[in-house]
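S.K.:
Chains as they are written, first to last, in this note's numbering: chain P, 519 to 631; chain D, 339 to 454.
#1: Using a 10 Å radius around the Cβ and a threshold of 16 neighbouring Cβ atoms, would you call residue 378 of chain D buried or exposed?
#2: With DSSP collapsed to three states, give me the class of residue 575 of chain P.
#3: As an exercise, report each continuous beta strand (DSSP E) stretch of at least 3 residues that is fully enclosed by the region 536–614 of chain P, in chain order.
#4: Of all the CB atoms in chain P, is at least one closer than 8 Å to the CB of residue 445 of chain D?
#5: For a test of the three-state rule: what should DSSP assign to residue 430 of chain D, helix, strand or coil?
#6: Indicate the three-state DSSP secondary structure (helix, strand or coil) for residue 397 of chain D in the structure shown.
#7: According to the Cβ coordinates, are residue 593 of chain P and residue 567 of chain P closer than 8 Å?
#8: Based on the DSSP secondary-structure assignment, which residues constitute the bridge partners of residue 360 of chain D?
#9: Consider the C-beta atom of residue 442 of chain D and the heavy atoms of the ligand NAD; say whether any pair is separated by less than 7 Å.
#10: By Cβ distance, which residues of its chain are closer than 7 Å to residue 368 of chain D, with the 5 residues on each side in sequence left out?
#11: Taking beta-carbon pairs under 7 Å, can you tell me which members of the region 586–613 of chain P lie near chain D?
#12: With a threshold of 16 other CB atoms inside 10 Å of the CB of residue 445 of chain D, please say whether the residue is buried or exposed.
#13: For residue 540 of chain P, which residues in the same chain have their Cβ closer than 6 Å to its Cβ, ignoring the five residues on either side in sequence?
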């Protein structure tokens, strides 16, 4: 596609439920990132994929968060036993080269009630 | 522990004037500095960057200045236009010295309003 696509754009879930957020990067981009932006804050790094493997998952807050990219393109961020503090905009970005900026999607706004 | 500080949450500027957005950082390992612009309900958009071997980079109306000794950078927009109204994020990284992911560390952002 022309840009990074994230679905759904909005997700409301009950505390304790499981959610999956999807990211479809720009075709051919090998690097894929997940960030989380809470209200009034800048985006915070969660995880980075180079190809199919998670090359750096140091930003994942705890073991309730997990992400996969099985075929090196689409990625899914999975959150188990959601908590109200997980409410944020989850941003995905992709890049074809190391240097310069990478391209963000519009994000998924997750609300845990 | 905030590694990147944008101390002005908001800034209002008259159309045609200069906008100056500031950013301070504490991590001396940062060697590549990016600015992103964000409109509501959209993802951040890359605007301009500068490497630590330079002290200035210019792209049209946008110029970024880097003062490594002061760990300070600034983004100048001249002349400012109403379409520049957005939130601007400073986002440095360790692109050349880091071993890993080229992850960005974002500041909290500065909301720029350009008044017609």
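Glycine residues also receive a C-beta, built at the ideal position from the N, C-alpha and C atoms.
M.R.: So, from the listed chains and residues:
#1: exposed
#2: coil
#3: 537–542, 549–555, 562–568, 571–574, 583–586, 593–597, 606–613
#4: yes
#5: strand
#6: Assigned with DSSP and collapsed to three states, residue 397 of chain D falls in strand.
#7: yes
#8: Note: residue 360 of chain D sits in a beta bridge opposite D:412.
#9: Of ligands this structure carries none, so the ligand NAD is not represented either.
#10: 430, 431, 432
#11: 609
#12: buried
#13: Excluding five sequence positions before and after residue 540 of chain P, the CB atoms of its chain that fall closer than 6 Å to its own CB belong to 525, 594, given in chain order.
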